Each structure stands twice: as structure tokens, then as C-alpha cells.
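Shown next, in C-alpha cells, is the structure this report addresses.
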Amino acid sequence: MPNSTISSLLLHGLPFYTDAQLARELGVSRSTVFRWRRESRIPRRVHRDRLEELLNRSEQRKPRRSKQRFTFIDLFAGIGGMRLGLEAVGGRCVYSCERDKFARETYLSNFESGAHPFDHDINDVDPNEIRDHDLLAAGFPCQPFSVAGVSKKNALGLPHGFNCKEQGNLFFKIRDILIAKKPAAFILENVKNLQSHDRGNTFKVIEGVLKKELGYQLQTRVINAKGWLPQNRERIFMVGFREANDFDFTGMHVKHPDKGPTLASILHTEDGTESCEPPYTNDDELKTVNLEKYRLTRHLWTYLKDYAKKHRALGNGFGYGKFTPDQKARTLSARYYKDGSEILIDRGGNKYPRRLTPRECARLMGFEDPFSIPVSDTQAYRQFGNAVAVPVVTAIAKYMLRYLSKTVDSQQPPLPNI
Ligand SMILES: C[S@@+](CC[C@H](N)C(=O)[O-])C[C@H]1O[C@@H](n2cnc3c(N)ncnc32)[C@H](O)[C@@H]1O
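Residue numbering for the sequence shown is 28 to 445, as defined by this note's numbering.
Next comes the structure, spelled out in C-alpha cells:
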């Protein structure tokens, strides 16, 4: 296969393979695939042959697999975690909405722009104007319900939950769209705490609207992304179908949280196999992490240790989290940009630990290389901390697929293992 074909193949992506899958198929590291894609390295003969084989195989699958299986809208789109997960199983996005200027920037640099409407504030949108779709997807803002969000708002004497005028009522905007557009299904995501917020009353209202008022068959499940990603991240997923069917959310296989990848799978390799990605890694031989930027200062590290000690003495569990590459991390939060204390990388001995780079945060959430990160570190940390775990959405969507009956072709070949 000529080199030009290889790079164009990799540039446009073998249609059904992510970088990680390609790396697995070819027995190389993900960073090697990344370098091929960037054309900073040419695959060896044996890998070219294997790529050709994969290409032939995917070409055979192409006409059927590229068939759109369902359409969806991406509300509170953030940087497109839901979208990546749904596109992976044949979903086609027909409408997006995201208010934050920086999240929009990231979204637009990763997904084609101009192909469909991309609105700003959902409050300014007339639900009737939204395009018809099979599935409504929304990870609606969770701060009014999250443990951290509630205590912060309490401390500031601000209302939370549905009483939070700014964000709490956005759920009712979802309701308005479901009423106007009547999609066959929806998938909603939020923090686990949504269930217990206001002693369960918030959740009762949500259930009441979706089931009783709108008549959707609703099922919910708390899923931990830890089996797919090296991070403890429990989120509640609400799946609804307009027509009655035998969908059983409890029957979906969830990967065991103790199995699956460890942090080593998302950390920069620092062995020269990755391309340099400034400002995250240095342009040295091993492409080491830019410690000047991501290593904690002595001052901050001392502060965090003293803080943790004080709270331990009081019987509180609060403190930093320091992890080695063979472990899994705590939940990445949108506040990671502050000091990164919830996930610090142990550098051995008495060395000061370092924070994750935004690239590592992307991988930690399942946004595979080369997901574009055009924004500052602060914005990137916020965006990944707010995002949904992509492989979990893919797994749920795959499980929902046969119930999205209208557009699903039962003759489709099996999907690749996710
Ligand atoms: C929990 S995040 C969703 C993240 C997304 N699932 C992802 O993977 O990136 C909620 C998003 O809703 C956006 N948002 C909040 N209020 C909004 C509004 N009124 N209109 C549109 N988007 C809004 C926020 O900017 C934020 O990006």
C-alpha cells in the first residue's frame, strides 16, 4: 500500500476502528497509531499489510455499517461525549445545543460544523423548531444536584436543585422538547446524587414528568465507568422509550469495576513512543511530561498534606488522592483546574506529585486521541470534568439499539466489542 494511502486512511480513520482498537489489532501502542496519523512515522511493512487487511474488511462492512441507524439531538452538548458515544453505534446527530463559549470551541473543532443547527442557550430555543429525531440525548447540568454543588450553594445561601433558576429548571426544557418532538427514546445522564437530592423529591418530580405526564417507559441505572476507564465515576443514566417494549436496563452487562484499565493506559508514555504535544509534553527524546507546568510546587504539596492531616485528625476523609500507574483514580471533577488534588500522579520517592495533563484527562473520560483540545488548560479541565464517560454511553446505546426499532436494521453485522 503506498504511503499516501496509509496516511489518508489513518487521517480519515478506518471507519470502524478507534485508535485504541487499531493499536490492539496491530499490536502497537496507541501513540504509535497517533504518530502514523500525524505522519511523523511510517508504519512498517508488516503493519501496512495488516492495515490493508483491515481496510478490506471494513470496506466490505462499509455500506451496511455506515447506514445511519437512528438520529439524535445533543442537548447540553458540552464537548460532545454523548455524541461520540452515540455515533459509535450508528447515531447521526441532527441538532446540538451548548451555551458555553469554550465548550462550543472544543465541540466545533472535533465535529463538523455547519452540517446542522448548533444553538447556544436552550432557553432561547422554540422546541417546535428543533429537527425531528429518534433519540434525545442530554447530560443536563448537574451542579444544582451534585454533592459539591449543593454544599457550595448552601454555603453561599443560594437555592439548589429545581429552585436554582439558572440551571435547575433546565430539566423542564427537556420535558418541553419531548412534548413537542415526541422522539422514540431518550437517554439522560446526571450525578448519582440526583436520586437522593431533597430527600428523593427531585427525582420523584423527574420520574413523574417522564413517566406519568409524558408516558415514557422509564428505566434508570447507576453505572460506574470504572470497568471501562481507570476512574471511579458513578453516574445515573435514565433511559426512556415512548412505545412499550421489553427493554430491561438491569440486563445490560456492565464491566466489573475492579477489572479493566489502570491509569497506565491513559498516562503519557514518556518512552519516546508518543509525539510531543506542547504544552503537555516536552520535545525531548522520551517526550516527558512538562513538569514545569504540571508538577505541584513545594508550597502547594505541603499545603495539601497539612490539610489532609488536619482533616484526618477530625475523622474526615477529605484530602488529596495520589495514585500510581497501576491504580484507578477518583472521579475527575470540573474543579480539577483548581489544584488537581483529587488525582495526583505519584512520581516515586519523595518527588513532588504532578497533575494530569488535559490530554490525560481526555483519555480518562474516554475521548480518544487525537481529540482536539483547542482551549486553555483551565477550560479543558472543566470540560473533561463535566463530560460524560464516552464508552459508557456507547455501551448503553448499543444495548438500546434494537429497541430503536424504526431505523434499526436487524440484518446489521455485529458491532465490534466495546
Ligand atoms: C454536565 S455538562 C454536559 C457535558 C456533556 N455531556 C459532555 O460530554 O461534554 C452540561 C452542559 O450544559 C451546558 N448548559 C448549561 N446551561 C445551558 C443552557 N441554558 N443552554 C445550553 N447549554 C447549557 C453547560 O455549559 C455544560 O456544558
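For glycine and all other residues, C-beta sits at the position ideal for the given N, C-alpha and C.
Predicted, not measured: the structure shown is a model, and the values here were computed from it.
Please classify residue i as buried or exposed, where buried requires at least 16 neighbouring CB atoms within 10 angstroms.
i	result
Cys124	buried
Arg262	buried
Arg91	With a pLDDT of 38 at Arg91, under the threshold of 50, the modelled position of this residue cannot be trusted; read the value that follows with caution. The residue is exposed, with fewer than 16 neighbouring Cβ atoms inside 10 Å.
Phe61	buried
Gly267	buried
Asn217	buried
Arg429	exposed
Leu431	buried
Cys303	exposed
Ala50	buried
Could you check what DSSP says for residue i in three-state terms: helix, strand or coil?
i	result
Met392	coil
Lys349	strand
Leu245	strand
Ala356	strand
Val316	strand
Ile423	helix
Leu371	strand
Thr308	strand
Arg322	strand
Arg65	coil
Arg382	strand
Asn413	helix
Phe292	Checking the sequence, you will find Ser at residue 292 rather than Phe. Helix.
Arg339	helix
Leu431	coil
Glu387	helix
Arg75	helix
Pro418	helix
Arg57	helix
Glu52	helix
Ser399	coil
Is it the case that the Cβ atoms of residue i and residue j are separated by a distance below 7 Å?
i	j	result
Ser136	Pro306	no
Leu215	Met265	yes
Arg260	Thr351	no
Lys219	Ile149	no
Ile106	Ala142	no
Arg269	Val236	no
Lys355	Lys286	no
His147	Arg119	no
Phe276	Gln244	no
Tyr347	Leu371	yes
* Asked: Using the beta carbon as the reference atom, which residues fall closer than 7 Å to any heavy atom of ligand 1, ordered along the chain?
  -> Phe103, Ala104, Gly105, Ile106, Gly107, Gly108, Met109, Cys124, Glu125, Arg126, Asp127, Ala130, His147, Asp148, Ile149, Asn150, Gly166, Phe167, Pro168, Cys169, Gln194, Leu197, Glu216, Gln410, Asn413, Ala414, Val415
* Every unbroken beta strand (DSSP E) inside the stretch 197–280 [3 residues or more] -> Counting whole runs of 3 or more residues, the stretch 197–280 contains the beta strand (DSSP E) stretches 212–218, 244–251, 261–268.
* **Whole beta strand (DSSP E) elements within the stretch 97–182, 3-residue minimum** => The qualifying runs are 97–102, 118–124, 162–165.
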